[in-house]
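Novice:
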Amino acid sequence: MPHARPHSRIFTVMLTVLGILLAHIPLSAQDRSIYSALDTQGRAIASSMTLQGQLTGSDLLSSEGLRVQVWSLSTTSGTGLRVDLRSSDFDAFLYATGPGLPMRLSDDDSGGNLDAQICFRPDMVGDYRIVAASLDGSLGAFTLSVEELSDSELDECTTPLFEDMSFDGIELNQSALTSLAELPTEGRTVSLGEELDGRLNLDGPQHPRDGRTIQPWSLELYGGSTVFVDVVSDDFDPLAYAVGPSIEGELFNDDGIGAEGCNTRLEIGPDVSGTVTLLIGSYQEEMGGRFLLRVSEDPPPLESGGCGDFAQETFGGPSDETTDLNGLPASSAGRIRIGTERFGVLEASSEILLSGVPAETWSVAVDQGDRLVIELISDDFDAVLHMDGPGILTPLMDDDGMGMTHARIETTAVLSGQLRIVVTGFDASAAGRYRLRVIRQGR
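Going by our numbering, the sequence shown opens with residue 39, and the numbers climb by one from there.
Structural data, given as structure tokens:
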């Protein structure tokens with residue numbers, strides 16, 4: 039990779055500092071803050087325009103390793119837009135941020151081949167930013183275009199968001215969310231800065247999504263800062279939800295990243311204020327018991343906890359399909375970086391295993407000792423994960439380790455190199471959209 043010019047290194051430092059300062063801001067706010075703070079250097083694009091650009095060594099290098107160039111987008115509200123980034127020199131990656139967008143929009147390969155495409159409808163007039171990037175920091179020429187779409191065209195070209203893929207196929211409507219927020223807490227109240235002991239009994243209300251027993255707690259927040267809710271238990275594997283008038287949808291988390299056991303850390307963003315209802319549950323439907331509830335702005339490292347003998351089980355065991363996997367390419371769907379998520383579609387044109395099940399492969403670069411969690415979520419099929427690569431003598435495999443029909447593998451890289459992630463399904467009927475993410479534990 040060419041050496042960055044001096045002022046490029048200054049911008050790289052700027053990105054790194056901004057990333058550290060905004061590390062605890064929710065993703066949507068974080069991206070808008072970072073890219074809104076950067077100078078477009080006069081680069082601007084509007085609807086029905088196609089422009090030629092060049093990523094050079096003087097462009098910014100993000101902390102994720104992307105070479106990025108920020109463009110301002112002038113548009114009117116209410117009109118659907120399609121943004122395309124095409125290049126024969128690098129693997130294109132697009133971001134879009136701006137007022138009214140529910141979260142950061144991003145895409146890698148939806149434009150076909152290694153080109154990127156994002157579709158959205160600006161609901162507000164304001165300063166939108168389009169970030170043209172190369173996935174691995176490469177340089178080269180590109181074409182950036184913005185086209186207006188009709189409503190039907192926009193429906194066919196909606197950039198997938200995590201919100202579009204519910205956790206288990208059952209989306210909660212507003213009535214259900216309101217009912218959860220209004221569950222009686224019966225004196226269970228926790229405040230910012232408190233640590234309280236609780237006990238989860240199995241005779242409480244049930245969550246409408248999965249039928250798990252939940253225990254409601256009341257928390258008053260005043261906004262302006264990110265708040266962390268920790269649920270720590272040696273008796274069961276805790277889950278944590280948060281609902282309330284100032285929360286869009288429902289916040290949820292299972293395990294706290296970096297924890298050796300199965301304790302939970304739920305992050306609530308600075309835009310949330312007023313009364314929040316916390317819902318404490320158990321991953322194992324028939325297990326409850328004692329727990330510690332902690333709410334803080336600057337939490338300590340999350341305790342490993344015991345959580346019973348099941349906490350010692352690592353998701354992802356040996357696969358019995360080694361021969362079947364040998365014929366698959368290293369990365370038919372593309373590359374994924376640690377700390378990111380990608381969307382894909384499993385279909386008849388995908389690679390086919392000997393068992394007749396369609397499959398797609400992704401590659402991820404790892405360093406020796408990296409502790410990883412790989413999660414595969416789909417509402418369209420029963421997801422199955424495989425993983426192999428340097429140092430893995432027998433491929434790892436998981437079916438439902440994330441709960442419901444979602445798959446999860448936890449592993450530590452034995453050697454540096456490229457690991458192969460195989461996305462597939464339970465049987466030959468597997469087809470549809472999926473979400474794949476790779477998380478680094480301990481950070």
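In this text, a Cβ means the ideal position worked out from N, Cα and C, and glycines have one as well.
(1) If you draw a straight line from the C-alpha of L93 to the C-alpha of C300, how long is it?
(2) Below 8 Å, how does it come out for the region 459-475 and the region 369-379: are there three or more Cβ pairs, yes or no?
(3) Rank L99, V106, G95 by C-alpha distance to the C-alpha of R81 and give the top, closest one.
(4) Return the chain-ordered list of same chain residues with a C-beta closer than 7 Å to the C-beta of P137, the five sequence neighbours on each side being excluded.
(5) Determine the extent of the beta strand (DSSP E) in which A214 is found, giving its start and end residues.
(6) According to DSSP, H424 sits in a beta bridge with which residue or residues?
(7) For A451 and L457, I'd like the C-alpha separation in whole angstroms.
(8) Which ranges does the beta strand (DSSP E) cover as unbroken runs of at least 3 residues, wholly within the region 211-296, from first to last along the chain?
(9) When you compare the region 171-185 with the region 212-222, are there three or more beta-carbon pairs, one atom per stretch, that lie closer than 8 Å?
(10) So what's E194 in DSSP terms, helix, strand or just coil?
(11) Using the DSSP secondary-structure output, state which residues sit across from P396 in a beta bridge.
(12) Quick one: measure Cβ to Cβ for M435 and L453, integer angstroms, because I've assumed they're closer than 8 Å.
(13) Give me the Cα-Cα distance between L366 and G429, rounded to the nearest whole angstrom.
(14) I need the straight-line Cα distance from T117 to L111, nearest angstrom please.
(15) Would Y260 be called buried (16 or more neighbouring beta carbons within 10 Å of its own) or exposed?
(16) According to the Cβ coordinates, are L363 and V461 closer than 8 Å?
(17) With distances taken from CA atoms, which of A278, Q322, S176, R159 is nearest S190?
(18) Can you say whether Q90 is buried or exposed, counting buried as having 16 or more other CB atoms within 10 angstroms of its CB?
(19) May I ask you to report which of helix, strand or coil DSSP gives D465?
(20) By the 10 Å Cβ neighbour count, where 16 or more other Cβ atoms means buried, how is Q244 classified, buried or exposed?
(21) Using a Cβ distance threshold of 8 Å, determine whether the region 393-400 contacts the region 436-448, with at least three qualifying pairs required.
(22) Can you grab the Cα-Cα spacing for the pair D417 / Y279, in whole Å?
(23) Could you check how far apart the C-beta atoms of G326 and L240 are, in whole angstroms? I think they sit under 8 Å.
(24) Quick one: measure Cβ to Cβ for E258 and T313, integer angstroms, because I've assumed they're closer than 8 Å.
(25) Are the CB atoms of V270 and L316 within a distance shorter than 8 Å?
(26) To the nearest angstrom, how far is it from the Cα of L238 to the Cα of S256?
Specialist: On the basis of the coordinates in this document:
(1) One Cα belongs to L93, the other to C300, and the distance between them is close to 43 Å.
(2) A contact between stretches requires three or more CB pairs, one per stretch, nearer than 8 Å, and the region 459-475 meets this requirement with the region 369-379.
(3) Comparing Cα-Cα distances from R81 to each of L99, V106, G95, the minimum goes to V106.
(4) When the five nearest sequence neighbours on each side are left out, the beta carbons in the same chain lying within less than 7 Å of the beta carbon of P137 are those of M162, G164, in order along the chain.
(5) Counting along the chain, A214 falls outside any beta strand (DSSP E), though it belongs to the alpha helix (DSSP H) covering 212-219.
(6) According to DSSP, which records beta bridges pairwise, H424 is partnered with M435, V460.
(7) Taken atom to atom, the span from the alpha-carbon of A451 to that of L457 is near 9 Å.
(8) If only complete runs of 3 or more residues are kept, the region 211-296 shows the beta strand (DSSP E) at 233-238, 252-260, 265-270, 276-281, 289-291, in order along the chain.
(9) With the cut-off at 8 Å, the region 171-185 and the region 212-222 do not touch.
(10) Reduced to three states, the DSSP call for E194 is helix.
(11) Partner(s): I390.
(12) That pair is no contact at about 20 Å.
(13) Looking at the two C-alpha atoms, the distance is approximately 18 Å.
(14) Roughly 13 Å between the two C-alpha positions.
(15) With fewer than 16 other Cβ atoms within 10 Å, it is exposed.
(16) No, the Cβ-Cβ distance between L363 and V461 is not below 8 Å.
(17) Taking each of A278, Q322, S176, R159 in turn and checking the Cα distance to S190, the smallest one comes out for R159.
(18) Q90 counts as exposed, since fewer than 16 other beta carbons sit within 10 angstroms of its beta carbon.
(19) Reduced to three states, the DSSP call for D465 is coil.
(20) Under a 10 Å Cβ-count criterion, Q244 is classified as exposed, with fewer than 16 other Cβ atoms of the shown protein chains found around its own Cβ.
(21) The answer is no - the region 436-448 does not touch the region 393-400, with fewer than three Cβ pairs under 8 Å.
(22) Near 20 Å, if we compare the C-alpha coordinates of Y279 and D417.
(23) Correct: roughly 5 Å between the Cβ atoms.
(24) Indeed they touch by this definition, with Cβ atoms about 6 Å apart.
(25) In this structure, V270 does not lie closer than 8 Å to L316 by Cβ.
(26) A straight-line Cα-Cα distance of about 15 Å links L238 and S256.
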